[in-house]
Amino acid sequence: MKVYFFAFSVLLLQIAVFPEFLSFQNITPDILTVFVIIFTLKNDFFRSIKLASFIGILQDLLSPLDLVFNTTIKIFIASLTYLLKDRFNYTNIVVKGFFLIFIIFCDIFLRSFLLFLKTGIFEIPSFSFFYILVNFILFYIVVLKDEYR
Amino acid sequence: MKKRLYIYVFTVLILLAGGFFVVKTDLVKSIALDASYPFLRSVSELKDFAIFLTQILSSKDSLINKNKKLQQEIELLKAQIIYLKNIESENNNLKKILNFVSNKPEFSFKTGKIIGYSSDSWNGFVIINIGSTDGIKKGDIVVANGYLFGEVYQVGAFSSSVILTSDKNFMISARCRKTREAVFYRGKNTKEGKLLYVKPEQDIRIGDVVETAGFESGIPEGIPIGTVKSVSYDEGNFYKNVSVSLNINPLETEYVIVLSRKETGKK
């Protein structure tokens, strides 16, 4: 229950605080995606997918679009992370970095594809590189903090 | 292995169907908007307080200068109001002489403060601190810095979410100010939008202002959206490729104005 409350708090911070203070070139790091990846790396499949769908539904509820855009993406990310995590020595921090880049890239591709289904415009946005970079930095900060602990 | 896959697919489908049902329900969405309102409002108040503290700590001279500039601006605006009132009365007199019947709807103006932003960089929307209790309705137009900012998409009791003109899902009928060519505008990204279905014979000029056409009910005409940035042709494509540069930045905008159509009581 604690983790759900924490996720809800992070979502509210993501909406109210982070865009103003953490955005770089108008790109805000998706802390919730990073949170889903880290949670899935440490937990079993069904717990991860439950949390991913909870976060996704909350995001979709606050978004003006009547789509399960974020729910689909978060479930996909949790599934992909779980599927790949046992195939790598993911305790190695460099491997973790590549792993994150791959997952965030899949995240960008899926978002663009879902938007294409809705609007008919397929475009990998120009800010994707910054988005990967910002999420990468955030992921490393969390992981390093975790390891020092 | 097969059984696990079936369980996975079944679970994902159940979660997606549940999510779809919840997200499609307007009532649940407005409850979610209202539930997040106290937190968003508190954060906004805290930010204002922090700004107030930094202003107190900053030098007095800069505050005095800023105040002087604001007072000058107020005086200028007052003079403009007097000038516009004269024009309004002249316009009314001319209308009387011509027996002109106006069918333009009237709008009320409400000021809202941005208290929340989109949780991802793909969807362009903001949350403002006025809702149905303030008379805001779905479809109301939002203006900031003299440009079209977006449209109210979801209304809660105390807050509303506004889809921005830069969002890919934002579409509105528009026209070019100089040539009066009617077009469709659609958002593309934070810096630009595009005009849709522009025929080869339509006169679209670079630098021309694109504004709302007011074809949809409840949307006033003549609100600028952006300026035409480029016009090009794609081989094999019947329509022209027209991109429009936008002047909105939600992170730098604090207050917005919501234009709400007044109920006249006519059916």
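Here the protein sequences come in this chain order: Y and S.
Residues in the first sequence are numbered from 0 upward in steps of one, following numbering that gives the first Met the number 0.
Residues in the second sequence are numbered from 0 upward in steps of one, following numbering that gives the first Met the number 0.
The beta carbon of each residue, even a glycine, is placed where N, CA and C say it ideally should be.
Residue-level contact to chain S via CB, A158(Y), 7 Å cutoff:
The displayed coordinates of chain Y run from 0 to 148. Any statement about residue 158(Y) would go beyond what the structure contains.
Can a CB atom of chain S be found closer than 7 Å to the CB of I56(Y)?
yes
Measure the C-alpha to C-alpha separation of T118(Y) and D166(S) and round it to an integer number of angstroms.
11 Å
With C-beta atoms as the reference, is V243(S) less than 7 Å away from V141(S)?
No, the pair does not count as a contact, with Cβ atoms beyond the cut-off.
Tell me, please, whether the CB atom of N122(S) is closer than 7 Å to any CB atom in chain Y?
When Cβ-Cβ separations below 7 Å define contact, N122(S) makes contact with chain Y.
Using three-state DSSP, classify V125(S) as helix, strand or coil.
strand
Is the shortest distance between the beta-carbon of T80(Y) and the beta-carbons of chain S less than 7 Å?
no
Sort T110(S), Q201(S), V182(S), P199(S) by Cα distance to K193(S) and report the nearest one.
V182(S)
For I203(S), does the three-state DSSP call read helix, strand or coil?
coil
Expressed to the nearest angstrom, what Euclidean distance is found between the alpha-carbon atoms of F53(Y) and K68(S)?
49 Å
Is it buried or exposed, F75(Y), if we count other Cβ atoms within 10 angstroms and call 16 or more buried?
With 16 or more other Cβ atoms inside 10 Å of its own Cβ, F75(Y) counts as buried.
For the segment 118-135 of chain Y, list every residue whose C-beta sits within 7 Å of some C-beta in chain S, in sequence order.
T118, I120, P124, F126, Y130
On the premise that T80(Y) lies in contact with T32(Y), defined as a C-beta separation below 8 Å, what is that separation, rounded to the nearest angstrom?
Incorrect: roughly 10 Å between the Cβ atoms, too far for contact.
When the Cα atoms are used, what is the spatial distance from L163(S) to L12(Y)?
21 Å
Within-7 Å CB hit, I36(Y) to chain S:
no
What residues of chain S sit near L143(Y), judged by a beta carbon separation below 9 Å?
Ordered by position in chain S, no residue passes the 9 Å Cβ test against L143(Y), which lies about 24 Å from the chain.
Which complete beta strand (DSSP E) runs does the segment 146-177 of chain S hold, if anything under 3 residues is left out?
146-154, 159-163, 170-175
My output table needs one value for S216(S): the three-state DSSP class, helix, strand or coil.
coil
Would you identify the three-state DSSP class for L62(S), choosing helix, strand or coil?
Note: L62(S) maps to helix in three-state DSSP.
Using a Cβ-Cβ cutoff of 9 Å, what residues of the segment 155-168 of chain S are near chain Y? List them in chain order.
S160, V161, I162, D166, K167, N168
Is K112(S) helix, strand or coil when you go by DSSP?
strand
Chain-order list of residues whose beta-carbon lies under 7 Å from that of Q54(S) (same chain, five-residue window excluded)
L62
Quick one: which chain S residues come within Cβ less than 9 Å of I76(Y)?
Here the premise fails: no neighbours, minimum Cβ distance about 12 Å.
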